[in-house]
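These notes concern the structure reproduced below.
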Amino acid sequence: MPEKLTEQTVTGDSLFEWTVEEYERHVRGTLWHVLMISLGMTLVVYALATDNFLFAIIIILSAIILFLQSAVEPSHVPFAITELGIVLGNKFYAYNEFRAFYMIYNLNTQTLFFDTKSAIRPDLRIPMVDVDPMDVREALQDMLEEDLEKEEPLADRAARRWKIH
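Residue 164, in numbering that gives the first Met the number 0, is where the sequence shown stops; the numbers in between run on with no holes.
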């Protein structure tokens, strides 16, 4: 469980620091909007036709969240790799909360993932911005095991492809 960062929290010396956006902002064209509105309306009509009102509510709420997210600039969150763990915003994660780390290199993005020990918490996803991934890898290998077999989570791939991340 992450610890809320306070004056008394001991995090160790900072090895790397950078700022990440709260979520990835996508440029969505007219075609994307037409497809998503069509898909959303089709799913709502199907849900109502099959008397599945909860599904209809979930689709409508998802559409509202996507709309609100596109209207608001993502906030910038400080991130740091320290000697004792990682700091993300106002939370400190000790290294013993993670099984391993892994890095994913895509066409335009480099992402650092921390594999959590919790069965209900997803992997922690950190975009690597203006930092050399090899230097980060070398520093983290002293603290955590690197999982070279792990691939990018399917949810992240789908979200990036559909521009809903």
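Positions of the beta carbon are idealized from the N, C-alpha and C atoms, including for glycine.
Keep in mind the model is a prediction, meaning the values are calculated, not measured.
**OP:** Starting from the Cα of Asn95, find the closest Cα among Leu30, Phe54, Gly84 and Ile119 and give me that residue.
**Re:** Looking only at Leu30, Phe54, Gly84 and Ile119, the smallest Cα-Cα distance to Asn95 is reached by Gly84.
Original post:
For the putative contact between Ile125 and Val19, defined by C-beta atoms under 8 Å, what is the C-beta separation to the nearest angstrom?
Top reply: Going by Cβ atoms, the distance from Ile125 to Val19 rounds to 6 Å, so yes, they are a contact pair.
Subject >> Close beta carbons around Leu143, own chain, < 7 Å, minus the five adjacent residues each side >> reply: Contacts found: Tyr94, Phe97, Ala99 and Phe100.
Subject >> Whole-number beta carbon distance between Ala46 and Ile58, since they are thought to touch under 8 Å >> reply: Ile58 to Ala46, Cβ: 7 Å. Contact.
Original post:
By Cβ distance, which residues of its chain are closer than 6 Å to Ile36, with the 5 residues on each side in sequence left out?
Top reply: Apart from sequence neighbours up to five positions away, no residue of its chain approaches Ile36 with a beta-carbon distance below 6 Å.
Original post:
What separation, rounded to the nearest whole angstrom, lies between the Cα atoms of Met127 and Leu60?
Top reply: Across the structure, Met127 and Leu60 are spaced so that their CA atoms are roughly 31 Å apart.
Subject >> Residues of its chain near Ser13, where Cβ-Cβ distance is below 6 Å and the 5 sequence neighbours each way are ignored >> reply: The residues are Ala79 and Thr81.
**OP:** Using beta-carbon positions only, say whether Asp165 and Lys90 come within less than 8 Å of one another.
**Re:** Outside the displayed range of the chain (0 to 164) lies residue 165, so it cannot be described from this structure.
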